[in-house]
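A short write-up of the structure that comes next.
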Amino acid sequence: MKISLLHIETRLQHLIEGTVARLFPSIGRADLASRLVEAMHANSRSGPNSSFLAPNMFILAVNPAVSTPVNTQLENLDQLTQFLKETGQEAGYTFSGPVVIRLENDPRVPEGEIRVFARDSIQDLTPTEGVQILSEDTSIPQNAFLIVDGTDIIPLTLPVMNIGRRADNHLVLQDQRVSRLHAQLRAVRGAYMIFDLDSSHGTKVNGRLVHQQTLKPGDVILIGSVPLVYGQDQSGDTAELAKIEFSK
Numbered sequence: 120m121k122i123s124l125l126h127i128e129t130r131l132q133h134l135i136e137g138t139v140a141r142l143f144p145s146i147g148r149a150d151l152a153s154r155l156v157e158a159m160h161a162n163s164r165s166g167p168n169s170s171f172l173a174p175n176m177f178i179l180a181v182n183p184a185v186s187t188p189v190n191t192q193l194e195n196l197d198q199l200t201q202f203l204k205e206t207g208q209e210a211g212y213t214f215s216g217p218v219v220i221r222l223e224n225d226p227r228v229p230e231g232e233i234r235v236f237a238r239d240s241i242q243d244l245t246p247t248e249g250v251q252i253l254s255e256d257t258s259i260p261q262n263a264f265l266i267v268d269g270t271d272i273i274p275l276t277l278p279v280m281n282i283g284r285r286a287d288n289h290l291v292l293q294d295q296r297v298s299r300l301h302a303q304l305r306a307v308r309g310a311y312m313i314f315d316l317d318s319s320h321g322t323k324v325n326g327r328l329v330h331q332q333t334l335k336p337g338d339v340i341l342i343g344s345v346p347l348v349y350g351q352d353q354s355g356d357t358a359e360l361a362k363i364e365f366s367k
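Shown next, in the form of structure tokens:
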């Protein structure tokens with residue numbers, strides 16, 4: 120196994136040299152490669168046929184001072200993800216799901232350093248498997264809607280609604296800070312809950328990052344840079360109430 124780990128680390132060092140330079144100019148390729156390998160191996164477990172099952176979510180925590188523009192992040196994170204997936208598979212690892220690398224700013228991390236965390240992720244799982252839901256009741260709230268970016272009113276009529284940049288989502292948001300499958304709305308016990316699907320930049324409700332939260336009328340959801348206002352119109356006059364909700 121030490122030989123396999125050294126193989127992964129050496130391969131990553133060569134593959135990610137340009138990627139690291141573009142993402143983190145002050146962080147060395149060897150440091151990132153070794154930390155990725157260490158996080159992958161430390162969180163792996165035994166799989167079938169004597170294989171190793173590795174986690175599929177890797178979080179890179181860096182100081183905000185070394186952060187890069189969003190477009191650069193997305194392009195190079197995708198490339199880094201592919202490198203890690205390929206080298207891990209070459210060394211005999213399998214991953215617990217689609218491999219995702221997520222960048223997070225953390226002012227507690229010293230400049231010039233990077234911290235890597237690995238875990239299993241619910242990214243790209245539909246419906247929302249692995250997320251604790253207290254009841255199987257999926258009744259849909261009456262006359263619920265979203266106001267998208269202050270203009271479009273989207274009635275909510277489905278028990279599950281996927282939100283993201285990918286074209287097959289129920290609500291497609293063309294914003295570079297939005298992940299391909301970013302979040303999911305799910306009707307639970309007569310209310311809508313929102314779940315962040317391990318997105319690259321997270322999901323906020325009323326300015327606070329959330330993993331899952333039950334929504335109330337007037338809640339402002341921020342996905343990427345797109346605000347979504349959640350509303351429920353008891354009178355049936357959705358359009359008029361939407362104007363009121365967004366003006367709050």
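Counting in this note's numbering, the sequence shown runs from 120 upward without gaps.
A virtual CB, placed ideally from N, CA and C, is assigned to each residue, including glycine.
One Cα belongs to Asn325, the other to Leu196, and the distance between them is close to 28 Å. Of the candidates Gln208, Phe214, Leu347, Leu347 places its Cα closest to the Cα of Asp268.
Beyond the five residues adjoining it in sequence on each side, Asp239 comes within less than 6 Å, by CB distance, of Pro174, Ser215 in the same chain, given in chain order.
Excluding five sequence positions before and after Pro278, the CB atoms of its chain that fall closer than 8 Å to its own CB belong to Thr257, Ile259, Arg305, Ala306, given in chain order.
Following the DSSP letters along the chain, one finds Lys323 inside the beta strand (DSSP E) bounded by residues 322 to 324. Look at Gly283 here: in three-state DSSP terms it is strand. When DSSP reads this structure, Ser153 sits in no beta bridge, so it has no partner. For Leu334, there is no enclosing beta strand (DSSP E), as DSSP marks it with neither H nor E. Within a 10 Å sphere around the beta-carbon of Ala184 sit fewer than 16 other beta-carbons, which makes this residue exposed. Taking 8 Å as the upper bound for CB-CB distance, Ser318 and Ser298 are in contact here, some 4 Å apart.
Per the C-alpha coordinates, the member of His289, Thr129, Phe314, His320 positioned closest to Glu223 is His320. By alpha-carbon distance to Arg130, the top candidate from Met159, Asn182, Thr206, Phe171 is Thr206. DSSP lists Ala302 as the beta-bridge partner residues of Asp315.
Counting along the chain, Leu275 sits inside the beta strand (DSSP E) bounded by residues 271 to 275. Distance from the CA of Arg227 to the CA of Gln261, rounded to the nearest whole angstrom, comes to 44 Å. Annotated as distal: Val235 and Ile273, with beta-carbon spacing of 9 Å or more.
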